[in-house]
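Written below as structure tokens is the structure these notes are about.
Residue numbers (our numbering): 129 to 227.
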């Protein structure tokens with residue numbers, strides 16, 4: 129069993145970290161202060177394929193596995209828990225709902 133991240137997982141983590149630093153951190157305080165939903169950030173995350181990461185491709189998701197999803201969620205929350213939650217909540221769904 130391999131416990132190190134694969135090259136693809138390290139690249140995914142790096143891309144999400146860069147997204148969080150460039151797109152979430154600069155606006156997170158504003159969203160919190162004004163109690164606004166981060167639509168612009170959500171749209172940008174969708175363009176990157178970060179929404180619904182664990183949902184299969186057939187249902188409009190990114191098709192990532194559990195570890196990939198954890199890497200994504202960890203980086204989003206590291207930038208800002210509030211905005212991170214808005215994005216991470218799309219990671220969890222029910223098979224019955226998808227069908």
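Using N, Cα and C, we set each Cβ at its ideal position, and we do this for glycine too.
Whole-number beta carbon distance between residue j and residue i, since they are thought to touch under 8 Å
| i | j | result |
| --- | --- | --- |
| residue 204 | residue 156 | In fact, because the Cβ distance is near 11 Å, the residues do not count as touching under 8 Å. |
| residue 200 | residue 184 | Actually they do not touch by this definition, with Cβ atoms about 16 Å apart. |
Distance, residue j Cα to residue i Cα
| i | j | result |
| --- | --- | --- |
| residue 166 | residue 216 | 13 Å |
| residue 174 | residue 129 | 33 Å |
| residue 150 | residue 158 | 15 Å |
| residue 170 | residue 218 | 10 Å |
| residue 137 | residue 172 | 20 Å |
| residue 202 | residue 164 | 22 Å |
| residue 189 | residue 132 | 25 Å |
Residue closest to residue i, alpha-carbon to alpha-carbon, out of the options
| i | options | result |
| --- | --- | --- |
| residue 145 | 220, 198, 218 | 198 |
| residue 139 | 188, 220, 161, 196 | 196 |
| residue 207 | 152, 176, 163 | 152 |
| residue 161 | 188, 210, 214, 220 | 210 |
| residue 177 | 164, 163, 168, 192 | 192 |
| residue 154 | 141, 190, 168, 134 | 168 |
Collapsed DSSP secondary structure at residue i in the structure displayed
| i | result |
| --- | --- |
| residue 170 | helix |
| residue 165 | coil |
| residue 133 | coil |
| residue 192 | coil |
| residue 160 | helix |
| residue 139 | helix |
| residue 179 | coil |
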